[in-house]
Amino acid sequence: MPQRTLTRAHSVRERIGDSLSSHPNELVALFSRFINQGKGMLQPHQLLAEYAAVFSEADREKLKDGAFEDVIKAAQEAIVIPPWVALAIRPRPGVWEYVRVNISELAVEELTVAEYLHFKEELVDGSLRSLQSMMLNDRIQSLSALQAALRKAEQHLLSIPSATPFQELGLEKGWGDTAQRVYENIHLLLDLLEAPDPCTLENFLGTIPMMFNVVILSPHGYFAQANVLGYPDTGGQVTRLLPDAVGTTCGQKLEKVIGTEHTHILRVPFRTENGIVRKWISRFEVKDTVGQYESHTAFTLPGLYRVVHGIDVFDPKFNIVSPGADMSIYFPYTEKHKRLTSLHPEIEELLFNPEDNTEHKGVLNDKEKPIIFSMARLDRVKNLTGLVEFYGRNERLKELVNLVVVCGDHGKESKDLEEQAEFKKMYDFIEKYNLNGHIRWISAQMNRVRNGELYRYIADTKGAFIQANFGSVSIILTSALKSNKIRYTWKLYSERLMTLSGVYGFWKYVSNLDRRETRRYLEMFYALKYRNLVKASHLDQSIYLRSLSRVSCD
1 MPQRTLTRAH SVRERIGDSL SSHPNELVAL FSRFINQGKG MLQPHQLLAE YAAVFSEADR
61 EKLKDGAFED VIKAAQEAIV IPPWVALAIR PRPGVWEYVR VNISELAVEE LTVAEYLHFK
121 EELVDGSLRS LQSMMLNDRI QSLSALQAAL RKAEQHLLSI PSATPFQELG LEKGWGDTAQ
181 RVYENIHLLL DLLEAPDPCT LENFLGTIPM MFNVVILSPH GYFAQANVLG YPDTGGQVTR
241 LLPDAVGTTC GQKLEKVIGT EHTHILRVPF RTENGIVRKW ISRFEVKDTV GQYESHTAFT
301 LPGLYRVVHG IDVFDPKFNI VSPGADMSIY FPYTEKHKRL TSLHPEIEEL LFNPEDNTEH
361 KGVLNDKEKP IIFSMARLDR VKNLTGLVEF YGRNERLKEL VNLVVVCGDH GKESKDLEEQ
421 AEFKKMYDFI EKYNLNGHIR WISAQMNRVR NGELYRYIAD TKGAFIQANF GSVSIILTSA
481 LKSNKIRYTW KLYSERLMTL SGVYGFWKYV SNLDRRETRR YLEMFYALKY RNLVKASHLD
541 QSIYLRSLSR VSCD
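Numbering (this note's numbering), first residue to last: 1 to 554.
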């Protein structure tokens, strides 16, 4: 038997270099077509179109020897700045390589992420002329000058009416809209400079203008504020405009978020060569496309911000959706004064009505048994059919409890192939394990308010909630009502998000001032105070994670 040896996988640079050496005429012709289009960016479909236009089928067979065809198919974009063509190659999900080809020299070099982004930024001409000074201007050049200016401003503000508009004070924007607000912020900053502490720092960072827009990226399926519960999404893509919205608001480009100010859902359409994709499509039709998380692994905002190591798609924490539960709907069953008891007759009909219809199937023979309850989309990832199979195979479990699952829609035929397969499995398991009398299968419920009370009604009966596989944080925490004494809601999450963003944003700015005495002072400030503030914020998150662990176990 011949001895097997391990060989090193060739890098993209080596593969392109080998192809240039063995097929120089063909590759020069291809890259020349890229260069002839002038300075700009080429998308994957443009790269493949040029590749198909240059080479015949016979030529493409020759190039397969050097694996160049695989490289061009894995290219996500090309940056053309003659005589250079830089390629971003994604050989497999989550893995990226960057190369640059000089068509004049027939040379190939490998680029780091930072080098590639810097090269990409050269596509942008001009400067950011619309930026405006905030808080301070260039007349203040030292810490002592800042403290002196703040004390003078403080004395002046005490001598004028507190309601004096900002425009009459002669200050840069950002301190506040009236003399009173400006005085409070200046006083906070003076306290920080003279006797810093984490609480004062957090208050100061919460008032100064450091963050103007927060973008929340969401899955691109049926994403809206009403009538979408139970509809399919496609996990991990951008929020998408659906012209054929099926009775939802998913056809609106801009939708105001209820109960907020200055917050909207922005939807963008999918496009093909035939125009806008009007209908929902399965995630399996777009699974090879770079998703919302991976697109933030490395990116640039020219002149403002460059991220060379952002989201790591292999880190489990990026598979956790930020909490978004509405505290007015999802609250513990023990808060009796807030309970919606008027909905109990509807809930009892939903759970116990013996007649099958388009809203529910199956019957619970023993209404006194506790209920195991789960609600999720009917797909392989959520795996509710796996829960039904596990329940059906356990005779002891069937003796002790009933099973209620909320998923799918009995009233219409699904167009999703995956959901169709899960429907068949569900019916097969119910028949195979003779579950009629033990299981209630309810169609997806659109009424969020009633859903909240449904959880609490089941909690009243000492029931248990089973979290669907790979569910989001908000669903886990709001559904496990037994552990809902500590609720890590959107309010708490957003406060921590803003605090940490402010802390690190402020530190990045002030530590970049390039003044020796200021840097030394700030190093002391960081060691004594900043670490404590960040540590306290992380401690809050560790408490949340421990509570999450208990919820998952429950």
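In this text, a Cβ means the ideal position worked out from N, Cα and C, and glycines have one as well.
Please read all numbers here as calculations on a predicted model, not as lab measurements.
Beta strand (DSSP E) runs contained entirely in the segment 46-102, provided each spans 3 or more residues: 75-81, 84-92, 95-102
Does the beta-carbon distance from L384 to E419 come in below 7 Å? Counting from 1 along the sequence shown, the entry for residue 384 is found at position 384. Counting from 1 along the sequence shown, the entry for residue 419 is found at position 419. No, the pair does not count as a contact, with Cβ atoms beyond the cut-off.
Which whole-angstrom value is the C-beta distance of V108 and R13, which I expect to be below 8 Å? Position 108 of the sequence shown, counted from the start, is the residue given in the question as residue 108. Position 13 of the sequence shown, counted from the start, is the residue given in the question as residue 13. Yes, V108 and R13 are in contact; Cβ-Cβ is about 5 Å, under 8 Å.
Verify the contact flag: N357, CB atom, against every heavy atom of the ligand SAM, threshold strictly below 6 Å. This structure does not include the ligand SAM; it has no bound ligands of any sort.
Does DSSP classify P165 as helix, strand or coil? Residue numbering aside, residue 165 sits at position 165 when the sequence shown is read from its first letter. Reduced to three states, the DSSP call for P165 is strand.
Identify whether G275 lies in helix, strand or coil by the three-state DSSP scheme. As a working mapping, residue 275 is identified with position 275 in the sequence shown. In this structure, G275 counts as strand in the three-state DSSP scheme.
In terms of alpha-carbon separation, which member of N185, Y330, I466 lies closest to L403? As a working mapping, residue 403 is identified with position 403 in the sequence shown. Looking at the Cα atoms, I466 is the closest of the given residues.
Starting from W441, follow its DSSP beta bridges and name the residues at the other end. Here residue 441 refers to the residue found at position 441 when the sequence shown is read from its first residue. DSSP, once it has assigned bridges, lists K361, V405 as partnering W441.
V381: buried (16+ other C-beta within 10 angstroms of its C-beta) or exposed? For the purposes of this step, residue 381 is taken as residue 381 along the sequence shown, with counting starting at 1. Result: exposed.
Should A149 and I140 be called a contact, given that it needs their Cβ atoms to be closer than 7 Å? One-based indexing of the sequence shown puts residue 149 at position 149. One-based indexing of the sequence shown puts residue 140 at position 140. For A149 and I140, yes; Cβs fall inside 7 Å.
Name the residue from G247, I371, M375, E255 whose alpha carbon lies nearest to the alpha carbon of E399. Here residue 399 is taken as the residue at index 399 of the sequence shown, counted from 1. The residue with the shortest Cα to Cα distance from E399 is I371.
Do V113 and A298 have their beta-carbon atoms positioned less than 7 Å apart in this structure? Within the sequence shown, the letter at position 298 stands for residue 298. Within the sequence shown, the letter at position 113 stands for residue 113. Yes, Cβ-Cβ distance for A298 and V113 is below 7 Å.
Segment limits, beta strand (DSSP E) that includes H118: Translated into the one-based positions of the sequence shown, residue 118 becomes position 118. Where H118 is concerned, there is no enclosing beta strand (DSSP E), although the alpha helix (DSSP H) it sits in stretches over 113-121.
CB of A444 within 7 Å of CB of D416, strictly: The residue you call residue 444 lines up with position 444 of the sequence shown. The residue you call residue 416 lines up with position 416 of the sequence shown. Their beta carbons are not under 7 Å apart, which means A444 does not touch D416 by this criterion.
Which same chain residues end up closer than 7 Å to Q76 when comparing Cβ atoms and leaving out the 5 residues on each side of it in sequence? Numbered from its first residue, the sequence shown carries residue 76 at position 76. P44, A88, R90, V290.
State the start and end residues of the unbroken beta strand (DSSP E) segment that holds K338. In the sequence shown, residue 338 corresponds to position 338, counting from 1. It is not in any beta strand (DSSP E) - K338 carries neither H nor E in the DSSP assignment.
Going by beta carbon distance, what residues of the same chain come within less than 7 Å of E121, once the five residues before and after it are set aside? On the sequence shown, position 121 is the one that residue 121 refers to. The answer, listed in chain order, is T300, P302.
Could you check how far apart the C-beta atoms of V101 and I16 are, in whole angstroms? I think they sit under 8 Å. Taking the sequence shown and counting its residues from 1, one reaches residue 101 at position 101. Taking the sequence shown and counting its residues from 1, one reaches residue 16 at position 16. That pair is a contact at about 7 Å.
Can you tell me whether M327 is helix, strand or coil according to DSSP? Start at 1 with the first residue of the sequence shown, and residue 327 comes out as number 327. Three-state DSSP puts M327 in coil, outside helix and strand.
Cut-off 8 Å between Cβ atoms - residues of its own chain near Q37, not counting five sequence neighbours on either side: Translated into the one-based positions of the sequence shown, residue 37 becomes position 37. These residues qualify, in order along the chain: V80.
Residue from L241, G247, C250 whose Cα sits closest to the Cα of R271: Locating residue 271 in the sequence shown gives position 271, counting from the first residue. Taking only the C-alpha atoms, the option nearest R271 is L241.
Determine the contact status of F31 and V85, defining contact as a CB-CB distance below 7 Å. Within the sequence shown, the letter at position 31 stands for residue 31. Within the sequence shown, the letter at position 85 stands for residue 85. A contact, by the Cβ cut-off of 7 Å.
In this structure, does DSSP put A195 in helix, strand or coil? Residue numbering aside, residue 195 sits at position 195 when the sequence shown is read from its first letter. It is coil, neither helix nor strand.
N-terminal and C-terminal residue of the beta strand (DSSP E) that L254 is part of: Sequence index remark: in the sequence shown, residue 254 carries index 254 (1-based). Run containing L254: 254-256, per the beta strand (DSSP E) assignment.
DSSP-derived helix/strand/coil call for Y305: Taking the sequence shown and counting its residues from 1, the one referred to as residue 305 is at position 305. In this structure, Y305 counts as strand in the three-state DSSP scheme.
With DSSP collapsed to three states, give me the class of H410. The sequence position of residue 410 within the sequence shown is 410, counting from 1. Correct three-state label for H410: coil.
Sort I35, H118, A74, A67 by Cα distance to Y305 and report the nearest one. Along the sequence shown, read from residue 1 onward, the residue named residue 305 stands at position 305. The shortest Cα separation from Y305 among I35, H118, A74, A67 belongs to H118.
C-alpha gap between D356 and H337, whole angstroms: Indexing the sequence shown from 1 puts residue 356 at position 356. Indexing the sequence shown from 1 puts residue 337 at position 337. For D356 and H337, the distance between alpha carbons rounds to 34 Å.
Those residues which DSSP pairs with P243 across a bridge: Numbered from its first residue, the sequence shown carries residue 243 at position 243. Answer is none; P243 lacks a bridge partner.
For A587, count neighbouring Cβ atoms within 10 angstroms of its own Cβ and tell me buried if that reaches 16, exposed if not. Residue 587 lies beyond the stretch modelled for the chain, which goes from 1 to 554, so this question has no answer here.
Shortest alpha-carbon distance to M426 belongs to which of D366, K361, S162? As a first step, residue 426 is located in the sequence shown; it is residue number 426 there, counting from the start. Here the closest residue by C-alpha is K361.
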